[in-house]
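Heads up: the sequence lines are chains A, B and C, in that order.
All letters in the first sequence, in the order written, are residues 0 to 81 by numbering that gives the first Met the number 0.
All letters in the second sequence, in the order written, are residues 0 to 114 by numbering that gives the first Met the number 0.
All letters in the third sequence, in the order written, are residues 0 to 245 by numbering that gives the first Met the number 0.
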Amino acid sequence: MTLLIVLALTFVAVGGTAVVLTGDPGRQAVLLSVYGVLLTVLFLVLQAPDVALSQVAIGSAVVPLMVLLAVRAVRSVRERRR
Amino acid sequence: MSWYPYCVAGWLVLAGIFGVVRSRDLIHTVICVSIAQSGTYVLLLSIGYQSGASAPIFGSSTPPSAPVVDPVVQAMALTDIVVSATVTALLLALVVQVAKRHGTIVPDELRALRG
Amino acid sequence: MSRRARLVVFAIGGVALAIVFGFAFARMPHFGATHHPYRDLSVAFAVLRQSANAVSAVNFDQRGFDTLGEETILLASVLGAVILLRPSDSERARTPKDTGPVLSLTRLVGYVLLPVTLIIGADVVAHGQLTPGGGFQGGVVLATGLHLLYITGSYQALRRLRPLAWYEYGEAIGMGAVVVLGVSGLIAGAGFLANVLPLGTMGQLYSSGTVGVFSVAVGAEVASGVVVLLAQFLEQDIAITQGKNE
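This is the structure we're talking about:
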């Protein structure tokens, strides 16, 4: 087990904990994007380029975009009801 | 130290579930489910890894007889990542509908779901 | 259940789960071990089928039926999101105005990168049997590349390049193409989704038979599906307004 793998795993664990402990979904979306990049690095170090390609496209672009759009939609729904 | 990757995977799953339990916002809940799913990807890829082996793509640098890591778990992880993103989208669409119908996305305030 | 009770139940359950994990991890093979029976079987079969990318061979050749199932899950989730985010009776769609000022540098980068990203996405899909890539990854790259138009500030331009009906047809065509491929395997007498095309040589663009065709069909379906999905969220956010206040 090389140092690179240990470092990548530690960063992923810390990143995941940070995403879970953040309360505001808007901030979580940005942290989720960073977490996606950390996971991509881990997958590359574990010799899985296909999975890394899939993760970087989905976890850094598609999912945070949808989360931010959902946050905005919910906020506008709540403002309209007021 | 060979149990460290498995422990990180288990930690991510438990952290995701902890986020779901403790959440005050349904969108936060959906994101924590996504974190728990990423724990399973780490577990799958750690099971398939072999020290000193290379990626399962054969070319000029990797002849078919060279040692490679396990492609079966990689195939499972990669389709799972794409498909679970769309399931996350479905959950987010549900959250938006809940906001429209009940005006709130705080789980403790959603009285209509009480038994 | 009150919040405190929930946390107590989670504490008990979480500790139990962690103990079960501990027992399981103690008995698993060590990280980095050399004993991988599935890998030996799968790689041997992929080499036999002239596939340079063993992961694509597993996805589209050896476990093709599971990929068909995953595609169906994707289709169903997109359908569910479309139904849930449809404008309800008290909402109506309006034509959105363009957004405020966007840096000209952002606009330039967006317009330059749009064709580049689309070509890269098509390349990733087409070379699924040779390099890391395939239908799933390439489809997502294509779909997100299209939305660079949205980032350059012009939602109207994105809407013009994204007539939604075409993408819904694209999803259906992608899914149908996989089923037709499977049935053609049946007709050739080898089994559903069997690899019935000539195999070619490993490393050339045409190799490993139906893997390339399957990959392109999946790429079309995933790209169209993700575009339709993002369109629902964007329309919800930008183009739907309340008819009257509730």
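Backbone N, C-alpha and C fix where the C-beta goes; we use that ideal spot for every residue, glycine too.
Cross-strand partners of residue i (DSSP beta bridge)
| i | result |
| --- | --- |
| residue 206/C | 199/C |
| residue 31/C | 49/B |
| residue 56/B | 52/C |
| residue 67/B | 53/B |
Length of the line joining the Cα atoms of residue i and residue j
| i | j | result |
| --- | --- | --- |
| residue 31/B | residue 52/A | 22 Å |
| residue 79/A | residue 102/B | 10 Å |
| residue 23/A | residue 2/B | 33 Å |
| residue 96/B | residue 49/A | 35 Å |
| residue 40/B | residue 52/B | 19 Å |
| residue 202/C | residue 16/B | 44 Å |
| residue 65/C | residue 182/C | 16 Å |
| residue 36/B | residue 20/A | 17 Å |
| residue 42/B | residue 8/A | 11 Å |
| residue 22/B | residue 40/A | 28 Å |
| residue 187/C | residue 57/C | 21 Å |
| residue 54/A | residue 18/A | 17 Å |
| residue 14/A | residue 37/A | 8 Å |
| residue 153/C | residue 212/C | 35 Å |
| residue 107/B | residue 169/C | 41 Å |
| residue 113/C | residue 77/B | 25 Å |
| residue 35/C | residue 229/C | 40 Å |
| residue 254/C | residue 20/B | There is simply no residue 254/C to check, as chain C begins at 0 and stops at 245 in what is shown. |
| residue 92/B | residue 68/A | 10 Å |
| residue 11/C | residue 28/C | 28 Å |
| residue 75/B | residue 67/C | 13 Å |
| residue 62/B | residue 117/C | 31 Å |
| residue 42/A | residue 81/A | 46 Å |
| residue 63/A | residue 104/C | 23 Å |
Rounded Cβ spacing between residue i and residue j (contact assumed at less than 8 Å)
| i | j | result |
| --- | --- | --- |
| residue 232/C | residue 81/B | So it is not a contact: roughly 17 Å between Cβ atoms. |
| residue 224/C | residue 89/B | With 8 Å as the limit, residue 224/C and residue 89/B do not qualify as a contact, their Cβ atoms being about 12 Å apart. |
| residue 157/C | residue 146/C | 7 Å |
| residue 76/C | residue 85/B | 4 Å |
| residue 14/B | residue 34/B | 6 Å |
| residue 73/A | residue 94/B | 7 Å |
| residue 235/C | residue 73/C | Contact doesn't hold; Cβ gap of about 20 Å is too wide. |
Beta-carbon contacts of residue i that lie in its chain and below 6 Å, excluding the five residues immediately before and after
| i | result |
| --- | --- |
| residue 218/C | 124, 134, 137 and 138 |
| residue 47/B | 68, 69 and 72 |
| residue 243/C | Here the model assigns residue 243/C a pLDDT of 41, short of 50, so the residue's position is not dependable and the matter cannot be decided. |
| residue 42/C | 53 |
| residue 76/A | none |
| residue 4/B | 45 |
| residue 4/A | 44 |
| residue 149/C | 157 |
Residues near residue i in its chain [Cβ-Cβ closer than 8 Å; skip 5 each side]
| i | result |
| --- | --- |
| residue 194/C | 48, 60, 184, 207, 208, 209 and 210 |
| residue 126/C | 132 and 204 |
| residue 8/B | 38, 39, 41, 42 and 45 |
| residue 55/B | 67, 68, 69, 70 and 73 |
| residue 10/B | 38 |
| residue 16/C | none |
| residue 0/C | 8 |
| residue 27/A | 18, 21 and 66 |
Residues near residue i by beta carbon distance below 7 Å, same chain, minus five either side
| i | result |
| --- | --- |
| residue 176/C | 216 |
| residue 55/C | 127, 128, 133, 210 and 214 |
| residue 163/C | 227 and 230 |
| residue 24/B | 104 and 105 |
| residue 30/C | none |
Per-residue DSSP class, three states only, for residue i
| i | result |
| --- | --- |
| residue 81/B | helix |
| residue 58/C | helix |
| residue 181/C | helix |
| residue 191/C | coil |
| residue 61/A | helix |
| residue 101/B | helix |
| residue 47/A | coil |
| residue 285/C | No statement about residue 285/C is possible, as the shown extent of chain C runs from 0 to 245 and does not include it. |
| residue 159/C | helix |
| residue 19/B | helix |
| residue 244/C | Any reading at residue 244/C is ruled out, since the residue's pLDDT is 40, under 50, leaving its predicted position unreliable. |
| residue 11/B | helix |
| residue 153/C | coil |
| residue 75/B | helix |
| residue 1/C | coil |
| residue 165/C | helix |
| residue 87/C | coil |
| residue 27/B | helix |
| residue 218/C | helix |
| residue 106/C | helix |
Residue i: CB within 8 Å of a non-hydrogen atom of the ligand GDP
| i | result |
| --- | --- |
| residue 189/C | The ligand GDP is absent from the structure shown, which contains no ligand whatsoever. |
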